[in-house]
Amino acid sequence: MPETNAIATKAAGEATAPEATRGGIYYTPLVDIYESAEEVALQCDMPGVKPQDVDVRFEKGELSLQGKVQPRQALAEYVEQEYGVGDFYRSFAISPEIDAARISAEYRDGVLTVHLPKQERAKPKRIAVKTG
Amino acid sequence: MSILTRWEPFCELRHEMRQMRRFQRAMDRLFGRTGIDVPEWPALTVSYPPVNLWEDDDFVYAEAELPGLKMTDLEITVMADKQLTLRGKRERAAPAKVEWHRQERGFGSFEITIELPVSVDAGKVEARLENGVLTIKMAKSPAAKPRKIPVKAE
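Top to bottom, those sequences are chains S and E. Under the working numbering, the first residue of the first sequence carries the number -3, and numbering increases by one thereafter. Under the working numbering, the first residue of the second sequence carries the number 532, and numbering increases by one thereafter.
Structural data, given as structure tokens:
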């Protein structure tokens, strides 16, 4: 799954176009991606995002993950600041072997999990070997 | 695989870096930034988790991003009124038999100790973990609070 840097261009006014961003910084969330016989699964850290502010899109072979973070600590006088607070965005090119219609996602405790089931024809098959 | 083991061995080092940064900041406050612009200490991301610390008149706040953790995975202690310790463990949630494409998220045990800017009342500490963000609100001890001096007018 090679990562794509460019945000997919969408026609202006299109109903599915993502909402205008606040123009702030996007943080690249950390991900784990693993594959089993049935699916490719992706886990993504998006701390501070409310469940309703997670946006997962699949379009033209590209999976994009976005998490909007409600601003916090905006007026804080830091004694120590080791990380920044802001929105998350990352996108991935998805293999055509994935069954796009069955992609599902869940978000819990700041972690987004996306399940990308393989198409039937892409699943490994065990061929029974007959003897005698 | 280095990501997997990045937390534990460097806790000490991170603590040192924290002290150095604090020292640098204290020096900057004392003397102001000099002509030689001291670069920020290199950002070390070897330890976990990064912590933001801030305060207002009555409270000191600490916040850390801990995605995937539940309160039961965490132990929060306030020691000697001026030290906050976070201990916890993040378990990998993936099934055992998989082929990895990317492994960027860290897992394992962690422990960090943070020096608080003022002493706090260990009995008045509130912790909240919401959507993977831990917020700890600590009440300052009465002696540490800024005191308003009434000015009498004759």
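Where is the CB? At the ideal position from N, CA and C, for every residue including glycine.
When C-alpha distances from Gln66 (chain S) are compared across S:Ala72, S:Lys46, S:Val75, the shortest belongs to S:Lys46. With contacts defined by Cβ atoms closer than 8 Å, Lys119 (chain S) and Ala33 (chain S) form a contacting pair. For Gln62 (chain S), the enclosing beta strand (DSSP E) stretches over residues 58 to 65. The closest CA to that of Arg633 (chain E), considering only S:Gln77, S:Ala37, S:Ala124, is found on S:Ala37. Contact annotation for Tyr23 (chain S) against chain E: no contact, minimum CB-CB distance about 10 Å [criterion: below 9 Å]. Those residues of the region 645 to 678 of chain E placed with their C-beta closer than 7 Å to a C-beta in chain S are Pro648, Asn662, Gly663, Val664, ordered along the chain. Asp83 (chain S) carries a strand assignment under DSSP once its states are collapsed to helix, strand and coil.
By the Cβ test, the region 627 to 642 of chain E is not in contact with the region 651 to 668 of chain E, since fewer than three Cβ pairs between them sit closer than 8 Å. Residue contact with chain E for Ser87 (chain S): absent (no Cβ-Cβ distance below 8 Å to any residue of chain E). Every beta strand (DSSP E) of 3 residues or more that sits fully in the region 647 to 681 of chain E is shown, in chain order, as 651 to 661, 664 to 671.
Residues of chain S whose Cβ lies closer than 8 Å to the Cβ of Ala625 (chain E) are, in chain order, Asp28, Tyr30, Ala37, Gln39. Remark: C-beta atoms of Val651 (chain E) and Val591 (chain E) approach each other more closely than 8 Å. Here Arg618 (chain E) has Glu606, Glu642 as same chain residues with Cβ atoms under 6 Å from its own Cβ, once five neighbours each way along the sequence are excluded. An exposed status is given to Leu71 (chain S), since fewer than 16 other beta-carbon atoms sit within 10 Å of its beta-carbon. Around the beta carbon of Pro92 (chain S), a 10 Å sphere encloses fewer than 16 other beta carbons of the protein chains shown; the residue is thus reported as exposed.
Beta-bridge partners of His632 (chain E) (DSSP): none assigned. Against chain S, the beta carbon of Arg633 (chain E) has neighbours under 7 Å at Val27, Asp28, Ile29, listed in chain order. The three-state secondary structure of Met610 (chain E), taken from DSSP, is strand. Shortest Cα-Cα distance from Met42 (chain S) to any of E:Leu647, E:Leu584, E:Asp588, E:Ala595 involves E:Ala595. The criterion of a C-beta distance shorter than 8 Å is satisfied by Gly63 (chain S) and Phe84 (chain S). DSSP links Gln77 (chain S) through a beta bridge to no other residue.
In the structure shown, the three-state DSSP call for Arg621 (chain E) is strand. Taking 8 Å as the cut-off, the beta carbon of Glu76 (chain S) is found no closer than this to the beta carbon of Asn662 (chain E). Beta-bridge analysis with DSSP links Ala595 (chain E) to E:Val582, E:Leu665. Shown in chain order are the members of the region 54 to 84 of chain S whose Cβ falls below 7 Å from a Cβ of chain E: Gln69, Ala72, Glu73, Tyr74, Val75, Glu76, Gln77, Glu78, Tyr79.
For Tyr30 (chain S), the closest of E:Ala684, E:Val664, E:Leu615, E:Pro626 by C-alpha to C-alpha distance is E:Pro626.
Contact note: Leu617 (chain E) does not reach chain S at a C-beta cutoff of 7 Å; the least C-beta distance is about 13 Å.
Note that the C-beta distance between Val50 (chain S) and Tyr103 (chain S) is below 8 Å. If you draw a straight line from the Cα of Thr608 (chain E) to the Cα of Lys676 (chain E), it is about 21 Å long.
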